[in-house]
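Counting from 1, one number per residue, gives the positions in the sequence shown under the UniProt record's numbering.
Quick reminder that beta carbons are idealized off the backbone N, C-alpha and C, glycines included.
Here is the structure we will look at.
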Amino acid sequence: MIKVKYSLLFAGVLLMSSCKKYLDVKPKGKLIPSSVADYDHLLDNSGTVELNFLDGNKGSVLATLGDNLEITEGQGKVGFILTSHPNIERYYGYTFRQPYKNPNIDDQFWSSGSQGMYPQISYFNNVIEGIKNLGQQSPEDEALGKVSTAQAIVARAWCYLNGNMIYGPVYKPGGDNSTKTIPYVVDIDINKPIPGLSTSEEVATRVLRELHAALPNLPVRSTWPSRASKSTGYAMLAYYHLFTQKYDSVAHYANLAWQIAGTPAAVLYDYNKLRLADPSRPLTSLILSSQDGNINLVNSREILFYRATDKDAGQGASLSYPSAEMIGLYDHANDLRYSFFYINSPGYKTTLGGGYDDGMRISNYRFRKTKMTDGISWPEVLLMRAEGYARMNKLDLAIADLNTLRQYRFKPGTPALTVGTQDQVIQWVLEERRRELPLGGFKRFMDLKRFTLEKGKPWAKTQITHKVGAQTYTGTIDSKDFIIPISNVVLKFNPNWGIPLETRSY
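If you want it as structure tokens, here you go:
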């Protein structure tokens, strides 16, 4: 029974064949690690970077729960409901109709085939434990093993840090974080019992400890953005402390990461130097950098730690648009991100369901033209430092960071920002963060959860309201509305967790 439970909970555990037995020989096309180099290669598996908290079509209910997107009546009633969209959970999330996901099938966030959080964690655990169990190695292999182990620990911590907030409540610094959220699995032995659920506090504490443990062995530069570097480790610590509200630590670690970057030009594209390959086709023409041409590739200079993000959010044909609030955040005349990515184009149109025509609508095409990440980008590092400074009331430093980014995003001659009140500067930083990060994915979802604790502040919301036609739907952020429940597929094999099965119809 333990083996059955483990395969359901952590699908895709490496080193196992289809019959779930270890093999004595290497099957054709399969890798059974036997050296440090073998384990190191596991970190290059594309399955660890391409479907993180995304559905099978690389969208996410986490994006539609937030306030960056809106869905029209035609998109909802026909595009999702009438045509039985395979990812209807996106619309259920938008209308706060629970359960969002079908509780009786695999949750793709958790595990589905070789994808999801726990199959990825199984790769990282195999690297960490496998290298540890190899015994004495040559000095070269020992050095490689330390780097690979550190990179695997950071990748695993990234999964757990985000999973803790996605499957659990808002983290409350200094408050009650005793809610049990997810199991913190670090073992690869399938004969050991599955661990119980950790509390939100236990997950957070362990993530912090492991990030610090990994940091000394991270390389200054990584071989590919899917692997953690020293800057990634520092940036992860800064990101972690956004949720603990230790803003001096946010500024400290973001600063350490940014210092490694060298100069802003090394990690930021100057949008004034970007051009459409074919200006007559603004919807499909790629934007090319005049310097390296990599802005639409994984090794974009702006990506520090690559994890795939939502590829459809805000594109009308893909059943959502940027929200009016999101569009209103941009300086339409001077912000080049708006000029390049927010394009007026034909909206959703169908003859089904009585017929719907959204007319011309603003859609977001940034994902088609640049490579984005739900991991960590260099602009986010700079904005985390700015947020840390602003919250510490070091307003001149925060404004300096904002103006550094704006030089690379706004038309020449756009006035620089000058210091305002502390709340004004924090608000400007957070608005810039929202403009800079992916429209979809889970970044905004995570920010909404941390901001909800700051009641009364202009950037904080306690509820999100969506409209579909004349109907209004409201979700409360610090509630089950913003928690993804564990699937019945997992729960029914783990009754010791004490979580009742979801019995509502889907």
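Does DSSP put Lys371 in a helix, a strand or coil? The DSSP-derived three-state label of Lys371 is coil.
Out of Asp335, Asp478 and Phe305, state which residue places its alpha-carbon closest to the alpha-carbon of Asn177. When the alpha-carbon of Asn177 is set against those of Asp335, Asp478 and Phe305, the nearest one is in Asp478.
Residue burial classification, Asn496 (beta-carbon count within 10 angstroms, cutoff 16): Asn496 should be labelled exposed.
Looking at Ile128 and Ile153, is the spacing between their C-beta atoms short of 9 Å? Judged by beta-carbon spacing, Ile128 lies within the 9 Å limit of Ile153, meaning their Cβ atoms are closer than that value.
Pick helix, strand or coil for Ile153, following the three-state DSSP scheme. Here Ile153 sits in helix by DSSP.
Helix, strand or coil for Asn344, going by three-state DSSP, please let me know. Here Asn344 sits in strand by DSSP.
Run through DSSP, which three-state label would Arg409 get? Arg409 falls in the coil class under three-state DSSP.
Per DSSP, the bridge partner or partners of Lys172: Per DSSP, none; premise fails for Lys172.
By the 10 Å Cβ neighbour count, where 16 or more other Cβ atoms means buried, how is Lys26 classified, buried or exposed? Because the pLDDT of Lys26 is 33, which lies under 50, any placement of that residue in the model is unreliable, and the question is left without a value.
The segment 103-114 in contact with the segment 362-380 per 3-pair CB rule at 8 Å: The answer is no - the segment 362-380 does not touch the segment 103-114, with fewer than three Cβ pairs under 8 Å.
For the alpha helix (DSSP H) that Tyr271 lies in, which residues bound it at each end? Tyr271 -> no alpha helix (DSSP H), and no H or E assigned at all.
Counterpart residues of His466 in DSSP-defined beta bridges: Partner(s): Tyr473.
Should His466 go down as buried or exposed, given a rule of 16 or more other Cβ atoms within 10 Å for buried? The Cβ neighbour count for His466, taken over all protein chains shown within 10 Å, is at least 16; the residue is labelled buried.
Within 10 angstroms of the Cβ of Lys230, are there 16 or more other Cβ atoms? Answer buried if so, exposed if not. Answer is buried; the Cβ neighbour count reaches 16.
DSSP three-state label for Leu430, please. The DSSP-derived three-state label of Leu430 is helix.
Just to check my reading of the structure: Gly440 and Gly59 have Cβ atoms closer than 8 Å, yes? What is that Cβ distance to the nearest angstrom? Contact between Gly440 and Gly59 holds, since their C-beta atoms are separated by about 7 Å, short of 8 Å.
Apart from the five residues just before and just after Thr350, which ones in its own chain have a Cβ nearer than 7 Å to its Cβ? Hits under 7 Å: Gly74, Val78 and Tyr356.
Alpha carbon to alpha carbon, how far is Lys371 from Ile88? Straight-line spacing of the CA atoms in Lys371 and Ile88 works out to 26 Å.
Only counting the same chain, and skipping five residues up and downstream in sequence, which positions put a Cβ closer than 7 Å to that of Leu382? Same-chain partners within the cutoff: Trp258, Asp401, Thr404 and Leu405.
With 16 as the cutoff for other CB atoms within 10 Å, does Glu380 come out buried or exposed? Label assigned to Glu380: buried.
Please classify Ser84: is it buried, with 16 or more other beta-carbons within 10 angstroms of its beta-carbon, or exposed? Exposed: under 16 other Cβ atoms inside 10 Å.
CB of Pro195 within 9 Å of CB of Thr179, strictly: The criterion of a C-beta distance shorter than 9 Å is not satisfied by Pro195 and Thr179.
Residues in the same chain with beta-carbon distance under 7 Å from Gly359, minus the five sequence neighbours each way, listed in chain order, please. Excluding sequence neighbours, Gly359 sits near Gly347.
Using a threshold of 9 Å, state whether the C-beta atoms of Phe243 and Gln315 are closer than that. No, the Cβ-Cβ distance between Phe243 and Gln315 is not below 9 Å.
From Asp292, Ala155, Ile182 and Tyr271, pick the residue whose C-alpha is nearest to that of Ser226; which is it? For Ser226, the closest alpha carbon among the candidates Asp292, Ala155, Ile182 and Tyr271 is that of Ala155.
Proximity below 9 Å, CB of Gln115 to CB of Glu50: The answer is yes: Cβ separation under 9 Å.
Which residues does DSSP pair with Pro322 in a beta bridge? The partner list for Pro322 (beta bridge, DSSP) reads Leu69.
Within this structure, are the beta carbons of Lys443 and Ala333 separated by less than 9 Å? Taking C-beta atoms as the reference points, Lys443 and Ala333 fail to come closer than 9 Å.
Can you look up Ile88 in the DSSP assignment and give me helix, strand or coil? Reduced to three states, the DSSP call for Ile88 is coil.
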